[in-house]
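Some notes on the structure that comes next.
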Amino acid sequence: MTWFLKVTEKESLTFGIEENGAESLWGSATGEIFLAWDAQDELPEKLRNAAISWSIRTPESADRHIDGNNDGLFQRVRSDPQTVHGIIQFYEANADFNLCESVTFRMIVPSIRFAAVRRLFEMSMLSRAPVEYLLSIPFNSFRRVGVPENGVPTVSEFIQNGKPIFFREFTLTAKRVLDYIEPASE
(Lines of atoms letter the chains of each structure in order from A; the text may use other names.)
(Lines give C-alpha, C1' and ligand atoms only; values in the text may rest on other atoms or scores of the structure.)
Protein backbone atom coordinates (compact mmCIF):
# COMPACT_ATOMS: atom_id res chain seq x y z
CA MET A 0 0.00 0.00 0.00
CA THR A 1 1.10 3.52 -0.68
CA TRP A 2 -0.16 6.86 0.50
CA PHE A 3 0.56 9.66 -1.95
CA LEU A 4 0.77 13.24 -0.69
CA LYS A 5 0.75 16.04 -3.25
CA VAL A 6 2.09 19.44 -2.26
CA THR A 7 1.29 22.23 -4.72
CA GLU A 8 1.33 26.03 -4.53
CA LYS A 9 -2.15 25.78 -2.96
CA GLU A 10 -0.82 24.04 0.17
CA SER A 11 1.24 25.49 2.97
CA LEU A 12 4.98 24.91 3.15
CA THR A 13 7.04 26.05 6.12
CA PHE A 14 10.77 25.95 6.84
CA GLY A 15 11.83 26.04 10.46
CA ILE A 16 14.79 26.00 12.79
CA GLU A 17 14.11 24.69 16.27
CA GLU A 18 15.53 26.17 19.45
CA ASN A 19 18.38 23.62 19.38
CA GLY A 20 19.26 24.41 15.74
CA ALA A 21 17.58 21.35 14.19
CA GLU A 22 15.97 22.09 10.82
CA SER A 23 12.47 21.07 9.87
CA LEU A 24 9.91 21.32 7.10
CA TRP A 25 6.15 20.99 7.41
CA GLY A 26 3.00 21.74 5.55
CA SER A 27 -0.30 20.55 4.18
CA ALA A 28 -1.08 18.35 1.20
CA THR A 29 -3.79 16.55 -0.65
CA GLY A 30 -3.66 12.80 -0.30
CA GLU A 31 -4.70 9.58 -1.92
CA ILE A 32 -4.27 6.08 -0.58
CA PHE A 33 -3.82 3.01 -2.76
CA LEU A 34 -4.53 -0.31 -1.13
CA ALA A 35 -2.91 -3.59 -2.14
CA TRP A 36 -6.27 -5.33 -1.86
CA ASP A 37 -9.25 -4.15 -3.84
CA ALA A 38 -10.94 -2.26 -1.03
CA GLN A 39 -10.83 1.46 -1.82
CA ASP A 40 -14.57 1.62 -1.15
CA GLU A 41 -14.04 0.01 2.28
CA LEU A 42 -12.17 3.08 3.50
CA PRO A 43 -14.46 5.33 5.52
CA GLU A 44 -15.30 8.65 3.93
CA LYS A 45 -13.82 10.57 6.85
CA LEU A 46 -10.45 8.90 6.17
CA ARG A 47 -10.62 9.55 2.42
CA ASN A 48 -11.63 13.20 3.01
CA ALA A 49 -9.39 13.97 5.98
CA ALA A 50 -7.09 16.99 5.88
CA ILE A 51 -3.42 16.05 5.42
CA SER A 52 -0.47 17.52 7.30
CA TRP A 53 3.13 16.39 7.18
CA SER A 54 6.52 17.19 8.65
CA ILE A 55 10.10 16.19 7.87
CA ARG A 56 12.65 16.52 10.66
CA THR A 57 16.07 15.25 11.68
CA PRO A 58 16.92 13.04 14.67
CA GLU A 59 18.31 16.17 16.37
CA SER A 60 14.80 17.58 16.67
CA ALA A 61 13.36 18.01 20.13
CA ASP A 62 11.63 14.92 21.51
CA ARG A 63 8.23 16.65 21.53
CA HIS A 64 8.53 17.37 17.80
CA ILE A 65 9.46 13.80 16.95
CA ASP A 66 6.85 12.05 19.08
CA GLY A 67 4.78 14.43 21.18
CA ASN A 68 2.23 11.71 22.00
CA ASN A 69 4.87 9.12 22.95
CA ASP A 70 3.55 6.58 20.43
CA GLY A 71 6.88 4.83 19.82
CA LEU A 72 8.48 6.91 17.06
CA PHE A 73 10.91 8.56 19.47
CA GLN A 74 12.32 5.19 20.58
CA ARG A 75 12.72 4.03 16.98
CA VAL A 76 14.57 7.20 15.99
CA ARG A 77 16.87 7.22 19.00
CA SER A 78 17.77 3.53 18.54
CA ASP A 79 18.69 3.99 14.84
CA PRO A 80 19.19 7.66 13.88
CA GLN A 81 20.80 6.80 10.52
CA THR A 82 17.57 5.29 9.17
CA VAL A 83 14.38 6.96 7.91
CA HIS A 84 11.50 6.58 10.36
CA GLY A 85 7.92 7.72 10.09
CA ILE A 86 4.49 7.57 11.64
CA ILE A 87 0.99 8.08 10.25
CA GLN A 88 -1.81 9.05 12.65
CA PHE A 89 -5.49 9.90 12.37
CA TYR A 90 -7.04 12.62 14.52
CA GLU A 91 -10.76 13.12 15.01
CA ALA A 92 -12.21 16.59 14.66
CA ASN A 93 -12.60 18.45 17.95
CA ALA A 94 -13.36 21.98 19.05
CA ASP A 95 -10.02 22.47 20.85
CA PHE A 96 -7.44 21.55 18.23
CA ASN A 97 -8.65 20.03 14.94
CA LEU A 98 -11.59 21.62 13.20
CA CYS A 99 -11.82 18.61 10.88
CA GLU A 100 -10.54 15.05 10.74
CA SER A 101 -6.88 14.92 9.82
CA VAL A 102 -4.14 12.47 8.98
CA THR A 103 -0.61 13.46 9.94
CA PHE A 104 2.63 12.11 8.54
CA ARG A 105 5.83 12.66 10.53
CA MET A 106 9.06 11.70 8.79
CA ILE A 107 12.48 11.69 10.41
CA VAL A 108 15.43 11.58 8.02
CA PRO A 109 19.12 11.22 8.87
CA SER A 110 20.77 14.63 9.13
CA ILE A 111 23.07 13.90 6.22
CA ARG A 112 20.05 13.43 3.91
CA PHE A 113 18.01 16.38 5.16
CA ALA A 114 19.95 18.92 3.06
CA ALA A 115 18.84 17.24 -0.17
CA VAL A 116 15.21 17.14 0.99
CA ARG A 117 15.35 20.82 2.01
CA ARG A 118 16.92 21.77 -1.32
CA LEU A 119 14.05 20.21 -3.26
CA PHE A 120 11.51 22.19 -1.25
CA GLU A 121 13.54 25.40 -1.58
CA MET A 122 12.85 25.23 -5.32
CA SER A 123 9.25 26.21 -4.67
CA MET A 124 10.37 29.37 -2.93
CA LEU A 125 12.84 30.29 -5.65
CA SER A 126 11.02 29.20 -8.79
CA ARG A 127 8.89 31.61 -10.79
CA ALA A 128 6.83 28.69 -12.10
CA PRO A 129 4.93 26.47 -9.67
CA VAL A 130 6.60 23.33 -8.44
CA GLU A 131 4.61 20.26 -7.45
CA TYR A 132 5.91 17.69 -4.96
CA LEU A 133 4.87 14.12 -4.46
CA LEU A 134 5.65 12.28 -1.24
CA SER A 135 5.11 8.54 -1.71
CA ILE A 136 4.85 6.64 1.56
CA PRO A 137 4.68 2.85 1.34
CA PHE A 138 3.39 1.05 4.41
CA ASN A 139 2.26 -2.42 5.46
CA SER A 140 -1.43 -2.04 4.64
CA PHE A 141 -4.13 -2.09 7.26
CA ARG A 142 -4.66 -5.37 9.06
CA ARG A 143 -7.79 -7.12 7.85
CA VAL A 144 -10.49 -7.76 10.46
CA GLY A 145 -10.06 -11.29 11.82
CA VAL A 146 -6.29 -11.39 11.26
CA PRO A 147 -4.41 -11.84 14.58
CA GLU A 148 -2.73 -8.77 16.11
CA ASN A 149 0.60 -8.12 14.40
CA GLY A 150 1.39 -4.49 15.27
CA VAL A 151 -0.47 -3.13 12.23
CA PRO A 152 -3.87 -1.56 12.97
CA THR A 153 -7.14 -2.31 11.25
CA VAL A 154 -8.83 0.67 9.60
CA SER A 155 -11.15 1.05 12.61
CA GLU A 156 -8.25 0.84 15.11
CA PHE A 157 -6.43 3.52 13.11
CA ILE A 158 -9.46 5.83 13.05
CA GLN A 159 -11.30 5.10 16.30
CA ASN A 160 -8.43 4.20 18.63
CA GLY A 161 -5.70 6.38 17.17
CA LYS A 162 -3.35 3.43 16.69
CA PRO A 163 -0.44 4.62 14.52
CA ILE A 164 1.11 3.14 11.40
CA PHE A 165 4.92 3.15 11.26
CA PHE A 166 6.99 3.25 8.08
CA ARG A 167 10.69 3.23 7.23
CA GLU A 168 10.91 4.88 3.83
CA PHE A 169 9.42 7.53 1.59
CA THR A 170 10.15 8.96 -1.83
CA LEU A 171 10.10 12.65 -2.66
CA THR A 172 9.85 13.90 -6.22
CA ALA A 173 9.52 17.43 -7.55
CA LYS A 174 8.40 18.69 -10.93
CA ARG A 175 7.77 22.04 -12.51
CA VAL A 176 4.15 22.55 -13.50
CA LEU A 177 4.36 23.01 -17.27
CA ASP A 178 0.92 24.39 -17.93
CA TYR A 179 1.59 27.42 -15.74
CA ILE A 180 0.78 30.77 -17.32
CA GLU A 181 2.62 33.68 -15.79
CA PRO A 182 0.36 36.59 -14.87
CA ALA A 183 0.59 39.53 -17.27
CA SER A 184 2.61 42.41 -15.91
CA GLU A 185 1.00 45.81 -15.82
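Counted from 1, the sequence shown has number 77 at position 78 by numbering that gives the first Met the number 0; the numbering is strictly sequential.
We put the CB at the ideal spot given by N, CA and C, even for glycine.
Which listed residue (the options) has its alpha carbon closest to that of residue i
i      : options                         : result
Leu12  : Glu131, Lys162 and Asp62        : Glu131
Arg175 : Ala128, Pro152 and Arg118       : Ala128
Leu125 : Leu4, Glu8 and Glu168           : Glu8
Asp192 : Ala94, Phe96, Gln88 and Glu59   : This structure cannot speak to residue 192, because the chain is shown only from 0 to 185.
Ser155 : Phe141, Glu168 and Arg167       : Phe141
Ser123 : Leu42, Asp70 and Ala173         : Ala173
Ser54  : Asp70, Pro43, Gly161 and Gly26  : Gly26
Ala92  : Glu10, Gly30, Gly145 and Gly161 : Gly161
Cβ neighbour criterion (16 or more within 10 Å) applied to residue i
i      : result
Phe33  : exposed
Ile107 : buried
Thr57  : buried
Pro147 : exposed
Leu4   : buried
Ile16  : exposed
Asp208 : Since the first residue of the chain shown is 0 and the last is 185, residue 208 is not available in this structure.
Arg75  : buried
Bridge-paired residues (DSSP) for residue i
i      : result
Lys174 : Glu131
Thr103 : Ser52 and Gln88
Pro137 : Thr1
Phe8   : For clarity, residue 8 is Glu in the given sequence; the question names Phe instead. DSSP lists no partner for Glu8.
Glu22  : Ile16
Thr29  : Lys5
Phe166 : Gly85
Own chain residues within Cβ distance below 8 angstroms of residue i, not counting five before or after
i      : result
Lys45  : Glu100 and Ile158
Glu18  : Ala61
Arg47  : Ile32
Leu72  : Ile65, Asp66, His84, Gly85, Ile86, Arg105, Ile107, Pro163 and Phe165
Arg167 : Thr82, Val83, His84 and Gly85
Leu42  : Ile32, Leu34 and Val154
Contacts around residue i, its chain only, beta-carbon distance under 6 angstroms, and the 5 residues preceding and following it disregarded
i      : result
Pro137 : Thr1
Ala49  : Glu100, Ser101 and Val102
Ser110 : Thr57
heavy atom of the ligand SAH below 7 angstroms from residue i C-beta
i    : result
Glu8 : Here there are no bound small molecules, and the ligand SAH is not part of this structure.
Own chain, CB closer than 7 angstroms to residue i, minus 5 neighbours either side, in chain order
i      : result
Leu171 : Val116, Leu119, Tyr132 and Leu134
Phe14  : Leu24
Is it true that the region 105-119 meets the region 18-33, where meeting means three or more beta-carbon pairs spaced less than 8 angstroms apart? yes
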